[in-house]
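**Student:** Those sequence lines, one after another, are chains A and B. Using the working numbering, you'd call the opening residue of the first sequence number 1382 and step up by one each time. Using the working numbering, you'd call the opening residue of the second sequence number 1382 and step up by one each time. Just so you know, even glycine gets a beta-carbon here, dropped at the ideal spot from N, CA and C.
2 protein chains.
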Amino acid sequence: MDLKVDRKSPTPLHLQIAHHLRELILKGVIPAGGQLPPTRKFARELGVNRSTVVQAYHKLWSEGLIEGHVGRGTTVRHNPGAEAPVSPLPWEMLLAPQPEAVELEIRELMRLFSREDLISLAAGLPSPDLYPLEEVAEIAGEVLADEGTTLLQRCAVEGYLPLRRLLAERMGLSPRETLILSGSQQGLYLLAQALITPGDFVVVEAPTYLGALQVFRAAGARLIGVPVDEHGMDMTMLENVLARTQPKFIYTLPTFQNPAGITMVTERRQRLLDLAYRYRTPVIEDDPYSLLRYEGEALPPLANLDTHGYVIYLSTFSKILFPGLRIGWLAAPQRVVEHLATLKRMIDLFTNAPAQAVIAEFCRRGLLERHLEGVRDEYRQRRDTMVGALKDHCPKIEFAVPEGGYFIWCRLPRGIAARELLREAFRERVSFLTGELFYPDGRGQEEIRLTFTHQPPATITEGIRRLGQALRRLKRNRVEKAEEALLKPIV
Amino acid sequence: MDLKVDRKSPTPLHLQIAHHLRELILKGVIPAGGQLPPTRKFARELGVNRSTVVQAYHKLWSEGLIEGHVGRGTTVRHNPGAEAPVSPLPWEMLLAPQPEAVELEIRELMRLFSREDLISLAAGLPSPDLYPLEEVAEIAGEVLADEGTTLLQRCAVEGYLPLRRLLAERMGLSPRETLILSGSQQGLYLLAQALITPGDFVVVEAPTYLGALQVFRAAGARLIGVPVDEHGMDMTMLENVLARTQPKFIYTLPTFQNPAGITMVTERRQRLLDLAYRYRTPVIEDDPYSLLRYEGEALPPLANLDTHGYVIYLSTFSKILFPGLRIGWLAAPQRVVEHLATLKRMIDLFTNAPAQAVIAEFCRRGLLERHLEGVRDEYRQRRDTMVGALKDHCPKIEFAVPEGGYFIWCRLPRGIAARELLREAFRERVSFLTGELFYPDGRGQEEIRLTFTHQPPATITEGIRRLGQALRRLKRNRVEKAEEALLKPIV
Chain A
1382 MDLKVDRKSP TPLHLQIAHH LRELILKGVI PAGGQLPPTR KFARELGVNR
1432 STVVQAYHKL WSEGLIEGHV GRGTTVRHNP GAEAPVSPLP WEMLLAPQPE
1482 AVELEIRELM RLFSREDLIS LAAGLPSPDL YPLEEVAEIA GEVLADEGTT
1532 LLQRCAVEGY LPLRRLLAER MGLSPRETLI LSGSQQGLYL LAQALITPGD
1582 FVVVEAPTYL GALQVFRAAG ARLIGVPVDE HGMDMTMLEN VLARTQPKFI
1632 YTLPTFQNPA GITMVTERRQ RLLDLAYRYR TPVIEDDPYS LLRYEGEALP
1682 PLANLDTHGY VIYLSTFSKI LFPGLRIGWL AAPQRVVEHL ATLKRMIDLF
1732 TNAPAQAVIA EFCRRGLLER HLEGVRDEYR QRRDTMVGAL KDHCPKIEFA
1782 VPEGGYFIWC RLPRGIAARE LLREAFRERV SFLTGELFYP DGRGQEEIRL
1832 TFTHQPPATI TEGIRRLGQA LRRLKRNRVE KAEEALLKPI V
Chain B
1382 MDLKVDRKSP TPLHLQIAHH LRELILKGVI PAGGQLPPTR KFARELGVNR
1432 STVVQAYHKL WSEGLIEGHV GRGTTVRHNP GAEAPVSPLP WEMLLAPQPE
1482 AVELEIRELM RLFSREDLIS LAAGLPSPDL YPLEEVAEIA GEVLADEGTT
1532 LLQRCAVEGY LPLRRLLAER MGLSPRETLI LSGSQQGLYL LAQALITPGD
1582 FVVVEAPTYL GALQVFRAAG ARLIGVPVDE HGMDMTMLEN VLARTQPKFI
1632 YTLPTFQNPA GITMVTERRQ RLLDLAYRYR TPVIEDDPYS LLRYEGEALP
1682 PLANLDTHGY VIYLSTFSKI LFPGLRIGWL AAPQRVVEHL ATLKRMIDLF
1732 TNAPAQAVIA EFCRRGLLER HLEGVRDEYR QRRDTMVGAL KDHCPKIEFA
1782 VPEGGYFIWC RLPRGIAARE LLREAFRERV SFLTGELFYP DGRGQEEIRL
1832 TFTHQPPATI TEGIRRLGQA LRRLKRNRVE KAEEALLKPI V
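(1) Where does S1390(A) sit, in a helix, a strand or coil, going by DSSP?
(2) CA-CA distance, D1581(A) and A1722(A)?
(3) For D1387(A), which residues from the same chain have a beta carbon less than 8 angstroms from its beta carbon, with the 5 sequence-adjacent residues on both sides left out?
(4) By a C-beta neighbour count over all protein chains shown, 10 Å radius and 16 as the cutoff for buried, is T1644(A) buried or exposed?
(5) If you follow the alpha helix (DSSP H) that T1840(A) is part of, which residue opens it and which one closes it?
(6) Count the other CB atoms within 10 Å of the CB of P1681(A); is the residue buried (16 or more) or exposed (fewer)?
(7) What's the gap between the Cα of T1697(A) and the Cα of L1591(B)?
(8) Taking all protein chains shown into account, decide if D1668(A) is buried (16 or more other Cβ within 10 angstroms of its Cβ) or exposed.
(9) Closer than 7 angstroms by C-beta to C1825(A): which residues in its own chain qualify, once you throw out the five before and the five after it? Chain order, please.
(10) Between R1506(A) and the rest of its own chain, which residues show a CB-CB distance below 6 angstroms, the 5 nearest in sequence each way excluded?
(11) Just tell me which of G1785(B), G1786(B), Y1787(B), M1767(B) has its CA closest to the CA of L1779(B).
(12) L1855(A): buried (16+ other C-beta within 10 angstroms of its C-beta) or exposed?
(13) Pull up the DSSP beta-bridge partners for E1779(A), would you.
(14) DSSP three-state call for P1478(B): helix, strand or coil?
(15) Answer yes or no: do L1695(B) and G1568(B) have a C-beta to C-beta separation smaller than 9 angstroms?
(16) By the three-class DSSP mapping on this structure, what secondary structure does H1395(A) have?
(17) Below 7 angstroms on C-beta distance, what does A1734(B) contact in chain A?
(18) Please state the DSSP three-state secondary structure of T1617(A).
(19) Tell me the rounded alpha-carbon separation between G1462(A) and K1408(A).
(20) Distance check for Y1632(A) and L1525(B), CA to CA, integer angstroms please.
(21) Could you run through the stretch 1508-1522 of chain B and flag, in chain order, every residue whose CB is less than 9 angstroms away from some CB of chain A?
(22) Can you find a CB in chain B that lies within less than 9 angstroms of the CB of G1462(A)?
(23) In three-state terms, what does DSSP make of F1423(A)?
(24) Leaving out the 5 sequence neighbours to the left and right, which residues in its chain are closer than 7 angstroms to A1549(B) when beta-carbon positions are compared?
(25) Is there a Cβ from chain A that is less than 9 angstroms from the Cβ of E1791(B)?
(26) Whole angstroms is fine: what's the gap from G1709(A)'s alpha carbon to Y1541(A)'s?
(27) What is the DSSP secondary structure of A1587(A), reduced to helix, strand or coil?
(28) Counting pairs of Cβ atoms below 8 angstroms between the stretch 1517-1524 of chain B and the stretch 1735-1748 of chain B, do you hit three or more?
(29) Evaluate the contact criterion for the stretch 1837-1852 of chain B versus the stretch 1793-1806 of chain B: three or more CB pairs, one atom per stretch, below 8 angstroms.
(30) So, A1781(B) versus E1648(B), is the Cβ gap smaller than 9 angstroms?
(31) Could you check whether the stretch 1527-1543 of chain B touches the stretch 1525-1538 of chain A, counting it as contact only if at least three pairs of C-beta atoms, one from each stretch, sit closer than 8 angstroms?
(32) Could you check what DSSP says for E1539(A) in three-state terms: helix, strand or coil?
(33) In the DSSP assignment, the beta strand (DSSP E) including P1735(A) goes from what residue to what residue?
(34) Starting from I1561(B), trace the alpha helix (DSSP H) both ways and give me its first and last residue.
(35) By alpha-carbon positions, which one of G1601(B), Y1438(B), F1423(B), D1510(B) ends up nearest to P1478(B)?
Have a look at this one:
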């Protein structure tokens, strides 16, 4: 066949070949039913890889111009193109590689967890019976009536200015150092996109927030987990890591950490910053829970201790108020805010403006403070209820009592795997999250996270009672199995 | 203490005070153990509120520089943070490469365009005076009162089911083939992330929606622009492109296209699908405007004509209602919806649920239909007003009259560059968008986009009058300059 490829052309070789053949076919030079040369032979003639010819044939086949027959080789179709049956799109090939197994598992778990007959101690949600519905409905009506024309129009990508002002003032910043987010998850996503180049190291606490693990992983980060003890991140380990790798940033939840409930003490906060300065590493401080302190003294956020613009601060109204309006925010050097705003514009142009105005007005009227006083009292009781129930029904589970936040982090009795316990717990109609979801490296298989904020006290007690049942049945089964195994040789 | 505050500075007073004190401490002017003046006295000296000084001291305390003792006042800490000097973070190096010049230019333009004294014919926005504020405020109050507890809780990432059902029903689909978006820009972003591998070809119309160009480019696509004429995309050119490259998808706005106002005729719609099937190429149909038809017969969306699941359909309430609530949606094969939902979960967990419920209820009550009837009448008039004004004030500008949508796309008199005209237009206090923003390749330098929906008729007429002024002055200047140039050698 008289056909030449041009190696200097920007068009890939297989497309050049397909193009030539297509012309020959459509002009009738190779007639319907006519044969194309065998790929191996043709590749030799053209001086290209055989796979290049295969690709070219595949292209023509996908256009309905040719067909392949075992034994008869490749031939030109009768009536090429016109009546070719349409093949379904191979979406699996077209879509970017599938998310990893953990994501799928989480989706599966969420489906299971949404079963109505389950007592969920899994979801990290506030208590819906405490939502200030009347106030929010009233404020929503008012802001729409007063400012609706503006609020339903386009809003600045950086956020609704009165809300930015309010948040900035609270932190002693300029509004230009704040960015309103469509939930703080969006902040994690933006930061991952802005800061992580595939292959970068990122330091996280072990355990840490699983939504952050997913986003950082998806951006191509190599995650290094630094263990936490009851006073926060292990600083010796952190220094080792900083000295050995050059991580893109340190991600920490210093106050009432998700999932471990732990709070980093002041000396470690200062030490963390000193290390960040020494190793010139930015810090992302994720702080959804610090306003939910049930006892003890408030500690300054890292962002306040930071004197050199190293800390990017992230927070949200989802935990202190409710998640449905999707309003989070971040505080960072203005240069960073501008960069993230540009990314955000591509992702969603701007955040729902009436929702921002409702939250701003809710805060302005002092209702947030009032709401916080109420939920703190209630959540303290729920925490104490859960602590009491755990002691009663699950005396072998070890845990520390958190001073605030949402979670009690539990170490199961030795040899009890969290996943096996979860299976039993489903049978008892109670759910929780298993520990290994929160580790970057598969640890945590004998740990579980329990949420004490979402359910009323009586349900918490019942949930923990069921957990105790599940735990006992699991142990019994194991003993029985062990006994069976022992007896087998005898019988 | 020798310290002055500047009341005209945008920096809050307490931060100014903290800043001065910080310098004095770090330089050793106030040594370790040294006392700061009592707040009351210091406030009097400075002529500020005592709370301002307290805030300043609190800031320094939170930075670990000072400490307070009952009875001994406030003193500078020993060892105040300072060992090695800390260098500022090189954010420029840490952040991913800057967005391209076009993005910066758009940001700059948006700043200019937001000037209050300008008549904006630039922004693609609906008319705020037509917003159904009362109905929306009422519905918002009602859905929060009725379903608030659920709506303010977590919502499925795929969207609020009643809204998905409603949209699915309209298109004859299953709700599982729909995905609610935080605005349709999010759909473009998700699709770009899911489908584009850097280096992929993507076919767009030339001109096309600039937000799509940005997102596809940012994902690493090589954009191929297929020209449009008054009947839509050039199909011969499209086939050429499909035969020569293997684009990842074809992106089209077939109805009242942004920016050109053009509608693809039915034969070309069918032809586009045939080509997509032959070359096995997915199609993204972006359809924000089709319900805004002012004359002529409605045409079926590509998604309806498609019999093989090749079309991903994208739309939004931003153009037919208002953009502030950020609700868009897409329809696609379930496999694609699931994939995109997984990505969306990482980006913002889910879309504001009360906003989804408000829109669903607005539609359910038949208010959307009523609203559309009203805006169609009004926008038809505004289009006709703009057409008339263009004929009166800018007789040399060529344009086609669109049957619907938002835009009139204009070809300037030969030799008049859109950017130069924009400069003159700013002096006349009227704005528009220049054509090259909408092309993947820098064409469009003598074209401009005018929006006729956003301003009331009288303002449109005045805006076009100013545009005519700008045009004439530009021509006069050019003639003068040309004459000067001619005269120079003589004088």
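**Tutor:** Checking against the coordinates, here is how it stands:
(1) Three-state result, S1390(A): coil.
(2) Roughly 23 angstroms between the two C-alpha positions.
(3) For D1387(A), where only same-chain residues beyond five positions count, the Cβ hits under 8 angstroms are Q1397.
(4) Per the 10 Å Cβ criterion, buried.
(5) Its alpha helix (DSSP H) spans residues 1838-1868.
(6) Buried, by the Cβ-count rule.
(7) Distance between the alpha carbons of T1697(A) and L1591(B): 32 angstroms.
(8) Buried is the label assigned to D1668(A), since at least 16 other Cβ atoms lie within 10 Å of its Cβ.
(9) This sequence places Gly at residue 1825(A); Cys is not what is there. In the same chain as G1825(A), and ignoring 5 residues on each side of it, the C-beta atoms closer than 7 angstroms to its own belong to P1588, G1816, E1817, F1819, in chain order.
(10) The question names Arg, but residue 1506(A) is Leu in the sequence shown. Cβ neighbours of L1506(A) within its own chain (closer than 6 angstroms, five residues either side excluded): H1835.
(11) In the sequence as presented, Leu is not what sits at residue 1779(B); that position holds Glu. Looking from the CA of E1779(B), the closest CA among G1785(B), G1786(B), Y1787(B), M1767(B) belongs to M1767(B).
(12) Answer is buried; the Cβ neighbour count reaches 16.
(13) According to DSSP, E1779(A) bridges with R1792(A).
(14) Coil at P1478(B), not helix or strand.
(15) Their beta carbons are under 9 angstroms apart, which means L1695(B) touches G1568(B) by this criterion.
(16) Helix.
(17) Simply G1705.
(18) The answer is helix: DSSP assigns T1617(A) an H, G or I state.
(19) Model confidence at G1462(A) stands at a pLDDT of 48, short of 50, so the residue's coordinates are unreliable; what they give is reported in the following sentence. Rounded to the nearest angstrom, the gap between the Cα atoms of G1462(A) and K1408(A) is 13 angstroms.
(20) Each residue's alpha carbon lies about 36 angstroms from the other.
(21) Per Cβ criterion, the list reads P1509, D1510, Y1512, L1514, E1515, V1517, A1518, E1519, A1521, G1522.
(22) Bear in mind that the predicted position of G1462(A) carries a pLDDT of just 48, short of 50, making it unreliable; the figure below should be weighed with that in mind. Yes, G1462(A) lies at the interface with chain B (some Cβ there is under 9 angstroms from its Cβ).
(23) In this structure, DSSP gives F1423(A) a helical state, which the three-state scheme calls helix.
(24) For A1549(B), where only same-chain residues beyond five positions count, the Cβ hits under 7 angstroms are S1555, P1556, E1558, T1559.
(25) It should be noted that the sequence gives Cys, not Glu, for residue 1791(B). At least 9 angstroms separates the CB of C1791(B) from every CB of chain A.
(26) Straight across, the Cα-Cα distance linking G1709(A) with Y1541(A) is about 12 angstroms.
(27) Residue state, collapsed to three classes: strand.
(28) Yes, the stretch 1517-1524 of chain B touches the stretch 1735-1748 of chain B.
(29) The stretch 1837-1852 of chain B, when compared against the stretch 1793-1806 of chain B, does touch it at the 8 angstroms Cβ threshold.
(30) In this structure, E1648(B) does not lie closer than 9 angstroms to A1781(B) by Cβ.
(31) Contact check between the stretch 1527-1543 of chain B and the stretch 1525-1538 of chain A: fewer than three CB pairs, one atom from each, fall below 8 angstroms, which does not count as touching.
(32) Residue state, collapsed to three classes: coil.
(33) According to the DSSP assignment, P1735(A) belongs to no beta strand (DSSP E) but to the alpha helix (DSSP H) extending over 1734-1745.
(34) Run containing I1561(B): none in the alpha helix (DSSP H); it sits in the beta strand (DSSP E), 1559-1562.
(35) By alpha-carbon distance to P1478(B), the top candidate from G1601(B), Y1438(B), F1423(B), D1510(B) is G1601(B).
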